[in-house]
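Student:
Protein chains in written order, with this note's numbering: chain L, 1 to 112; chain W, 1001 to 1110.
#1: The beta strand (DSSP E) with residue 1043 (chain W) in it runs from where to where?
#2: Run through chain L and tell me which residues come within less than 7 Å of residue 1040 (chain W), C-beta to C-beta.
#3: Is residue 74 (chain L) closer than 8 Å to residue 58 (chain L) when the C-beta atoms are compared?
#4: Do three or more CB pairs link the region 48 to 55 of chain L to the region 94 to 103 of chain L at distances below 8 Å?
#5: Report yes if the CB atom of residue 48 (chain L) is closer than 8 Å to the CB atom of residue 76 (chain L), and no otherwise.
#6: Is residue 81 (chain L) helix, strand or coil by DSSP?
#7: Determine the contact status of residue 1093 (chain W) and residue 1028 (chain W), defining contact as a CB-CB distance below 8 Å.
#8: What residues from chain W crowd round residue 90 (chain L), counting only those whose CB sits closer than 7 Å?
#9: Is residue 1007 (chain W) buried or exposed, if buried means 16 or more other CB atoms sit within 10 Å of its CB?
#10: If you follow the beta strand (DSSP E) that residue 54 (chain L) is part of, which residue opens it and which one closes it?
#11: Suppose contacts are defined by Cβ-Cβ distances below 8 Å. Is residue 1180 (chain W) in contact with residue 1109 (chain W) by that definition?
#12: What separation, rounded to the nearest whole angstrom, lies between the Cα atoms of residue 1026 (chain W) and residue 7 (chain L)?
#13: Please name the residue, chosen from L:28, L:45, L:18, L:41, that lies closest to residue 1097 (chain W) on a Cα-to-Cα basis.
#14: Considering just the uninterrupted stretch of the beta strand (DSSP E) at residue 109 (chain L), what are its terminal residues?
#15: Taking 7 Å as the cut-off, does the CB of residue 87 (chain L) come closer than this to any heavy atom belonging to the ligand GDP?
#16: With DSSP as the reference, label residue 1058 (chain W) as helix, strand or coil.
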């Protein structure tokens, strides 16, 4: 069974600050997902990564397979980045992955 | 991924269906519920037409997958404990492809 833990649970920062959200998991994985959920809104897949680093605009995701740890960074944060960020890894049962197991999310608020 | 309805209010004991369809030819589809302060929990999933399987929290729910496109979620006897936000998702793979989520259904059972 893969446990996914995120930190911090809540994060409030000022516009322009560099943001880091952490995710750790308990068993080896093939891929880790980062998702974004805006208030009252749907869920969007930001990244899926199995090694190294990926960048999309001001968002950067990194993963360290040996340490079973991933981080999501936001550079030059903006109020529109305010959302819940969720990491997820494979959910194993018996013969293999049957879906994803999700962290509880990090509620990020960027104040102007 | 198209999920309907967005909001649903019903009473205990009623039968209801939340629909989900996708046009990306994804084999894998899944249903999740999201409760405050908790991570998304897998209810049911399907790896192709005619194949469904239970997730972590299947009790009180049913699904079917008669076509690749459609994966409805059914509550046979709605209960207040099923008050939650429900998300349908699809992807090419169980865990190694990006998930595409529906907009969610906020269900209230009184």
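Positions of the beta carbon are idealized from the N, C-alpha and C atoms, including for glycine.
Tutor: The structure says:
#1: Within the second chain, the letter at position 43 stands for residue 1043 (chain W). Segment 1041 to 1048, the beta strand (DSSP E) holding residue 1043 (chain W).
#2: Taking the second chain and counting its residues from 1, one reaches residue 1040 (chain W) at position 40. Under the 7 Å cutoff, chain L gives 102.
#3: The residue given as residue 58 (chain L) occupies position 58 in the first chain. The residue given as residue 74 (chain L) occupies position 74 in the first chain. For residue 58 (chain L) and residue 74 (chain L), yes; Cβs fall inside 8 Å.
#4: no
#5: Position 48 of the first chain holds residue 48 (chain L). Position 76 of the first chain holds residue 76 (chain L). No, the Cβ-Cβ distance between residue 48 (chain L) and residue 76 (chain L) is not below 8 Å.
#6: The sequence position of residue 81 (chain L) within the first chain is 81, counting from 1. Residue 81 (chain L): helix per DSSP, three-state reduction.
#7: Looking up residue 1093 (chain W) in the second chain gives position 93. Looking up residue 1028 (chain W) in the second chain gives position 28. Yes, these two residues count as a Cβ contact at 8 Å.
#8: The count along the first chain starts at 1 and reaches residue 90 (chain L) at position 90. Those are 1095, listed as they occur along chain W.
#9: On the second chain, residue 1007 (chain W) is found 7 positions in, with the first residue counted as 1. Burial is judged here by how many other beta carbons sit within 10 angstroms of a residue's own beta carbon; residue 1007 (chain W) has fewer than 16 and is exposed.
#10: As a first step, residue 54 (chain L) is located in the first chain; it is residue number 54 there, counting from the start. Per DSSP, residue 54 (chain L) belongs to the beta strand (DSSP E) from 52 to 56.
#11: Nothing can be reported for residue 1180 (chain W): it is not among the residues displayed for chain W, which extend from 1001 to 1110.
#12: Here residue 1026 (chain W) corresponds to residue number 26 of the second chain, with the count starting at 1. Here residue 7 (chain L) corresponds to residue number 7 of the first chain, with the count starting at 1. Separation of residue 1026 (chain W) and residue 7 (chain L) (C-alpha to C-alpha, rounded to the nearest whole angstrom) is 32 Å.
#13: The residue given as residue 1097 (chain W) occupies position 97 in the second chain. The residue with the shortest Cα to Cα distance from residue 1097 (chain W) is L:45.
#14: Here residue 109 (chain L) corresponds to residue number 109 of the first chain, with the count starting at 1. Element bounds for residue 109 (chain L): 106 to 111.
#15: Among the components modelled here there is no ligand, and therefore nothing to report on the ligand GDP.
#16: Start at 1 with the first residue of the second chain, and residue 1058 (chain W) comes out as number 58. Under the three-state reduction of DSSP output, residue 1058 (chain W) falls in the coil class, being neither helix nor strand.
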